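Read the structure below first, then the notes.
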Amino acid sequence: MIRHFLLFSFIFVAAFFQVSQNKTTVFIIGDSTAANKLTTAYPETGWGMPFSYFFDQTVEVNNLAKNGRSTRTFLSEGLLNTALSTMKKGDYVLIQFGHNDESKEKTDRYTSPDQYKENLTKFVNEARAKQATPILITPVSRRKFDKDGNALETHKEYTPLVKEIAAKLNVPLIDLDEKSQKLYQQFGEENSKLLFLQLQANEHPNYPEGKIDNTHFNELGARKIAQIVLQEIKSLNLPLAQHIIKPIVKK
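Shown next, in the form of structure tokens:
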């Protein structure tokens, strides 16, 4: 009886391991705009959180994006090695950095343009060495409007660097900077606040003093950004697009 039980258990575990191994993993490496958030930060939401719910059962999302990380600190803290340790042939790596790399006033995370390009190149080459598909993503735009209500570009120096590396290395590119600006413009200067972590005092217990944040998203904003990334994956005609769940149409 015990022997049969142990044999059954072994077969079950082996089968589960085999199913897990056959799944395609989508790694997200990046900063706070994509990262998973603690409940104490709610309603702040990284776009990588809703992104994980749009795929069928053959795909799993491993969101390794972290608050405050630049390409430099992501490497120095060994976070890339965490991804590489389980990365396999057929996986995907979404690479989105820039917010912290360009912050010259924060010397602990600032990355010079030349080093930024070197680091992006390393991410791409390491993913390809694992036979995974890297996808470069320009940094998602901050919310900023001019006096005439036009959404402004907020990554003028680092977005072109991502495009440069994507062209040089022939890497699929998602221009999330441009696409997110267009989203904010569609909502307008006032209504675009509904996409971000913007709260009045005592509106939410996690932020009793309120919060005016034009960089980090709430649930709605994160979902909208995730949907942009998903649509761009479809537009790039990547095999991964075949595993995006189609919406249920009510008859």
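1413 is the number of the first residue of the sequence shown in my numbering; add one for each residue after it. Glycine is no exception: its CB is placed at the ideal position from the N, C-alpha and C atoms. Fair warning: this is a prediction, and the values are worked out from it, not measured in the lab.
With DSSP as the reference, identify every bridge partner of residue i, one or two as the case may be.
i	result
LEU1471	Inspection of the sequence shows that residue 1471 is occupied by Val rather than by Leu. Beta-bridge pairing links VAL1471 to THR1436.
ALA1446	None; ALA1446 has no bridge partner.
GLN1508	GLY1442 and ILE1549
PHE1557	ALA1563
LYS1623	LEU1611
PHE1466	According to DSSP, PHE1466 bridges with nothing at all.
PHE1629	PHE1608
Quick check on residue i: buried or exposed, where buried means 16 or more other Cβ atoms within 10 Å of its Cβ?
i	result
ASN1512	buried
TYR1465	exposed
SER1647	exposed
LEU1652	buried
ILE1624	exposed
LEU1506	buried
LEU1642	buried
ALA1447	buried
THR1523	buried
GLU1602	exposed
GLU1517	exposed
Is there a C-beta anywhere in chain D that falls below 8 Å from the one on residue i?
i	result
ASN1479	Chain labels in this structure do not include chain D; a single protein chain is all it has.
Note down the Cα distance separating residue i from residue j, rounded to an integer number of angstroms.
i	j	result
SER1421	THR1571	Per-residue confidence for SER1421 stands at a pLDDT of 44, beneath the threshold of 50, marking its modelled position as unreliable; no derived number is given.
ASP1503	GLU1621	43 Å
THR1451	ALA1477	16 Å
GLY1600	GLY1561	7 Å
ALA1579	LEU1632	32 Å
ALA1544	GLN1527	23 Å
VAL1552	SER1444	11 Å
GLY1460	LYS1559	32 Å
VAL1574	HIS1655	26 Å
THR1498	ASN1626	35 Å
ALA1541	LYS1594	35 Å
ASN1582	ALA1539	14 Å
LYS1529	GLU1590	20 Å
ASN1474	ILE1640	19 Å
PHE1645	HIS1567	With the sequence shown as reference, residue 1645 is identified as Ile, and Phe is not the correct amino acid for it. One C-alpha to the other measures close to 22 Å.
LYS1449	ASN1479	9 Å
GLN1469	HIS1616	35 Å
When you compare the CB positions of residue i and residue j, do they come within less than 8 Å of one another, or not?
i	j	result
TYR1596	ALA1563	yes
PHE1509	SER1482	yes
GLY1548	LEU1585	Looking at the sequence itself, residue 1548 is Leu, so the reference to Gly does not match. Against a cut-off of 8 Å, the Cβ pair of LEU1585 and LEU1548 comes out as a contact.
ILE1577	THR1550	no
GLU1569	PRO1525	yes
LEU1555	PHE1486	The question names Leu, yet the displayed sequence has Arg at residue 1555. No; because the gap between Cβ atoms is not below 8 Å, this pair is not in contact.
ALA1495	PHE1439	yes
LYS1357	GLU1472	The chain is shown from 1413 up to 1663; residue 1357 falls before or after that span and cannot be answered.
Report the option in the options whose CA atom is closest to the CA atom of residue i.
i	options	result
ILE1637	PHE1599, LEU1606, LEU1588 and ASN1649	LEU1588
GLU1489	VAL1505, ASN1434, LYS1658 and ASP1520	ASP1520
GLY1442	ALA1613, GLU1517 and ASN1531	ASN1531
TYR1454	ASN1649, ALA1613, GLN1639 and PHE1629	PHE1629
ASN1537	LEU1492, THR1523 and LEU1642	LEU1492
TYR1619	GLU1456, LYS1435, THR1436 and ASN1434	GLU1456
LEU1650	GLU1615, SER1604, PRO1546 and GLU1602	PRO1546
PHE1535	ARG1484, SER1515 and GLU1514	ARG1484
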